[in-house]
Amino acid sequence: MHRVGYSLLLIMLVTGLGGSVAEAQFRFESEYLLWNRNNDSDATILSGPGGTSADDADFGYASGYRFTLGGSLSAFDVEASFMQIPGWEDSWAGTLINPLAFDDPNNVNIAPASGLGFVSALGIAAGTPGLEDNEIEFLEAGAQFQSRYDSTFDSFELNFGSNRTVRPVYFALGWRHMELDESAATLLRGTFQAMDADNGALPGAGGDEANNGLSHAALAAAGFVVTGGGADGFLGYDPAAPLTATTLGVAYEGVARNDLDGGQLTLGGRYAMSEIVTLQAGLKGGVYHNRSLGIVRESVFGIVNDSSVYERTFRDRRTSATFGGAAGFDVLVALTDYINFTLGYEALFLTNMALAGDQSSGINTDLFGVAHYSLENSGVFAAHGGSVGLQFLW
Ligand SMILES: [Ca+2]
Ligand SMILES: [Ca+2]
Ligand SMILES: [Ca+2]
3 MHRVGYSLLL
13 IMLVTGLGGS
23 VAEAQFRFES
33 EYLLWNRNND
43 SDATILSGPG
53 GTSADDADFG
63 YASGYRFTLG
73 GSLSAFDVEA
83 SFMQIPGWED
93 SWAGTLINPL
103 AFDDPNNVNI
113 APASGLGFVS
123 ALGIAAGTPG
133 LEDNEIEFLE
143 AGAQFQSRYD
153 STFDSFELNF
163 GSNRTVRPVY
173 FALGWRHMEL
183 DESAATLLRG
193 TFQAMDADNG
203 ALPGAGGDEA
213 NNGLSHAALA
223 AAGFVVTGGG
233 ADGFLGYDPA
243 APLTATTLGV
253 AYEGVARNDL
263 DGGQLTLGGR
273 YAMSEIVTLQ
283 AGLKGGVYHN
293 RSLGIVRESV
303 FGIVNDSSVY
313 ERTFRDRRTS
323 ATFGGAAGFD
333 VLVALTDYIN
343 FTLGYEALFL
353 TNMALAGDQS
363 SGINTDLFGV
373 AHYSLENSGV
383 FAAHGGSVGL
393 QFLW
C-alpha cells in the first residue's frame, strides 16, 4: 500500500515538474534557534525549610537548530522540516537545616524536620508496623542535596498545501512527529540515625529501645531490592562513637518520554513590505497520538561504613490525545535574488504530556499499604523563542 502511494506521489511530482519546471521554486532554510521552555511540574521532593520541589527547575534558553526543505509547483507546495532543542537543563543544590525524617517529621522529639514529599519506599519502610514504628529513621541536620532536570525536544513535519509563491495566503495539511524526553533526579547525602519515637533516645542512651536502624525486612517489604552489598539494612550509631556513623545516599530519579504522531493544519501568509523585506506569519494546530513512558526509581545506599544498595523501580506506559498549537512570524531580508536572511519568533504548546518532575506524584498506596505507580501525563509543555537563519532559493 505504501509503495503504491509513494509511486503515485512520485508520478505526480515528475508530471508537475515536466509540465511547469519554469514556475517551480524550491527553498532550503537553515536556522539557529534560541528557545525557552516552561516547567509545569510541581511535585514536592523534600518538604520543610530549605527543601525543594520539581518546579525549582528553571530551564532558561537553550540552543537548537531547524532545517526546512520546500518546493512550490503549479498550485501545490510541499515542505519537510526537522528541528531539535537538545539541551534544556538546570541543576541546583542545597543543605537541609533540619533533620530529614523518613517516616514522621512531626514527631515531637525530632520536629521541626523535613520530610520526603511523596509516597517513597523509604517512608513506607520506616513506618512498617511492628518493625520500625517504634523509631524515627532520619538523616541528621546538614544533609545536602543536588537536583538536576534535563530535557530534549525534537520534531519532524511534512506538510502538503497550496503554492506559497503565487498567493499571499496559503494553507497546508501535514503530519508531525515530536519527541519530548525528560529526566529529573535528586541525590541526598547525610548521616543516618535512628531515634526512639516515644522518648527521643538515641542508640546507647538510657532507655534506648532495640532495633537502632532500618532493617532489611522492612526495606524488602516496602518493595526495595538489594542490588549491591549486604542484605542487612542500615544502622544508626551511638553518638559516643561518631566514627561508626553511616553516611547514607538517597536518590530519586524520574524519566518521562513522549512520542507524538498526528495531523495538523497550517495557515500562513506573506506580505512584501518592499523589494527587500517580506513578512511571513503562520498558525498551526493539530491533534497528536501521544505514547508516554514513565520510570520512577528510588535508591538508598551506604557511602561510609556501609555498602548496601537498595532500589525500587516503577515503570508505566500510557497513551493519550495531545492537542498542540504553534504561532510564529519571520522577517525575510533578501541578500540576493537567491538568498534571504531570516529572523523569526515562534511559540508552541502541547497538552497531556508526561513530565519527569511529576512522575513521583504518580505513586500511591492501596488499602493494604502497597505502593503502585501510574504514569502522570497531564502536564503542559510550552516553548518559545527566536531564530536566525539563511534561506536559499532556486
Ligand atoms: Ca520508624
Ligand atoms: Ca532505639
Ligand atoms: Ca528502626
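In the working numbering, the protein residues as written are 3 to 396. Each residue gets a CB set at the ideal place from its N, CA and C atoms; glycine is no exception. Bear in mind that the values here come from a model prediction, so they are computed numbers and not experimental data.
Report the rounded CA-to-CA distance for residue i versus residue j, giving the unit in angstroms.
i	j	result
residue 121	residue 378	14 Å
residue 100	residue 302	20 Å
residue 164	residue 285	15 Å
residue 359	residue 102	20 Å
residue 53	residue 197	22 Å
residue 337	residue 83	23 Å
residue 334	residue 50	52 Å
residue 111	residue 199	7 Å
residue 288	residue 87	20 Å
residue 210	residue 108	20 Å
residue 307	residue 201	27 Å
residue 343	residue 394	9 Å
residue 59	residue 339	46 Å
residue 279	residue 292	39 Å
residue 29	residue 161	14 Å
residue 72	residue 44	41 Å
residue 23	residue 150	Confidence is the limiting factor: at residue 23 the pLDDT is only 49, short of 50, which leaves the residue's position unreliable and the question unanswerable from this model.
residue 390	residue 68	10 Å
residue 270	residue 282	7 Å
residue 55	residue 46	4 Å
residue 382	residue 272	30 Å
Tell me, which residues are paired with residue i by DSSP?
i	result
residue 180	157 and 262
residue 1	In the structure displayed, the chain extends from 3 to 396; residue 1 sits before or after that span and is not available.
residue 292	262 and 322
residue 50	Answer is none; residue 50 lacks a bridge partner.
residue 38	63 and 386
residue 68	33 and 85
residue 167	Note: residue 167 sits in no beta bridge, so no partner.
residue 238	None; residue 238 has no bridge partner.
Between residue i and ligand 4, is there a pair consisting of the residue's CB and a ligand heavy atom that are separated by less than 7 Å?
i	result
residue 216	In the structure on display, ligand 4 does not appear, and the ligands it does have are ligand 1, ligand 2 and ligand 3.
### Task
Please go through the segment 189 to 232 and give each complete alpha helix (DSSP H) segment of 4 or more residues, from N-terminal end onward.
218 to 223
### Task
Please list, following the chain, all residues that have a C-beta closer than 5 Å to any non-hydrogen atom of ligand 2.
198, 210, 211 and 214
### Query
Fully enclosed by the segment 314 to 394, which beta strand (DSSP E) runs are 3 residues long or longer?
341 to 355, 365 to 367 and 373 to 375
### Task
Kindly provide the ranges of any alpha helix (DSSP H) runs that are 4 or more residues long and lie completely inside the segment 88 to 164, ordered along the chain.
123 to 128
### Message
Could you check whether the segment 243 to 253 touches the segment 339 to 358, counting it as contact only if at least three pairs of C-beta atoms, one from each stretch, sit closer than 8 Å?
### Response
no
### Query
Does the segment 205 to 215 touch the segment 112 to 119, meaning 3 or more C-beta pairs lie closer than 8 Å?
no
### Task
Kindly confirm or deny that the segment 306 to 324 and the segment 144 to 156 touch, where touching means at least three C-beta pairs closer than 8 Å.
no
### Query
Quick one, what's near ligand 1 if you take every residue whose CB is closer than 6 Å to any heavy atom, in chain order?
105, 128, 129, 134, 135, 137, 138 and 139
### Query
Does the segment 168 to 175 come close enough to the segment 222 to 234 that 3 or more CB-CB pairs lie under 8 Å?
no
### Message
Contact between the segment 87 to 96 and the segment 123 to 135 is defined here as three or more beta-carbon pairs at a separation below 8 Å; is this criterion met?
### Response
no
### Task
Taking 8 Å as the threshold, find out whether the segment 257 to 276 comes into contact with the segment 189 to 196 through three or more Cβ pairs.
no
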